[in-house]
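Trainee: Below: one structure in structure tokens.
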Amino acid sequence: MEATTQNINERNYRIAVATQLTQDVMLKLIQKGITICNVQINDNRPVIRVEYSEACEDLKTQTYTRRPQHQRLWRAIEAGCVIEWNKPNSANTKNRNQ
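This is the structure in structure tokens:
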């Protein structure tokens with residue numbers, strides 16, 4: 386029983402730390418003028434989904450992944466939080482504006 390209680394306590398502690406980190410990073414993003422769309426904690430790691438803005442260029446991009454329809458998902462890591470956004474595709478933007 387003690388091992389189960391310890392595992393639960395460790396898991397809850399990791400979630401609490403992730404939540405506090407998420408709040409700190411979200412505050413920094415808001416201060417930079419970045420709009421937050423969604424926040425999730427996956428495997429004790431916070432994932433913050435944001436709308437693209439020029440302020441995203443200041444984030445240290447770690448990876449990007451191609452998605453269907455030629456969209457790229459960009460990721461950065463800030464204080465242990467994963468930040469994700471899609472850059473607008475210039476070709477798609479031109480088509481929408483016409």
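In this note's numbering, the protein residues as written are 386 to 483. Glycine included, every Cβ here is placed at the ideal spot set by N, Cα and C.
Taking 8 Å as the limit between beta carbons, can you name the residues of its chain near residue 482, skipping five residues before and five after?
Mentor: Position 97 of the sequence shown holds residue 482. Only weak support exists for where residue 482 lies, its pLDDT of 43 falling under 50; the coordinates are left without a value.
Trainee: Please state if the CB of residue 441 and the CB of residue 435 are separated by a distance shorter than 8 Å.
Mentor: Counting from 1 along the sequence shown, the entry for residue 435 is found at position 50. Counting from 1 along the sequence shown, the entry for residue 441 is found at position 56. Yes.
Trainee: Run through DSSP, which three-state label would residue 414 get?
Mentor: As a position in the sequence shown, residue 414 is number 29, starting the count at 1. Looking at residue 414 - three-state DSSP - the assignment turns out to be helix.
Trainee: Alpha carbons only, please: which of 471, 428, 472, 389 is nearest the one belonging to residue 403?
Mentor: Position 18 of the sequence shown holds residue 403. With distances taken between Cα atoms, residue 403 lies closest to 428.
Trainee: Please say whether residue 464 and residue 424 have beta carbons closer to each other than 8 Å?
Mentor: Taking the sequence shown and counting its residues from 1, one reaches residue 424 at position 39. Taking the sequence shown and counting its residues from 1, one reaches residue 464 at position 79. No, Cβ-Cβ distance for residue 424 and residue 464 is not below 8 Å.
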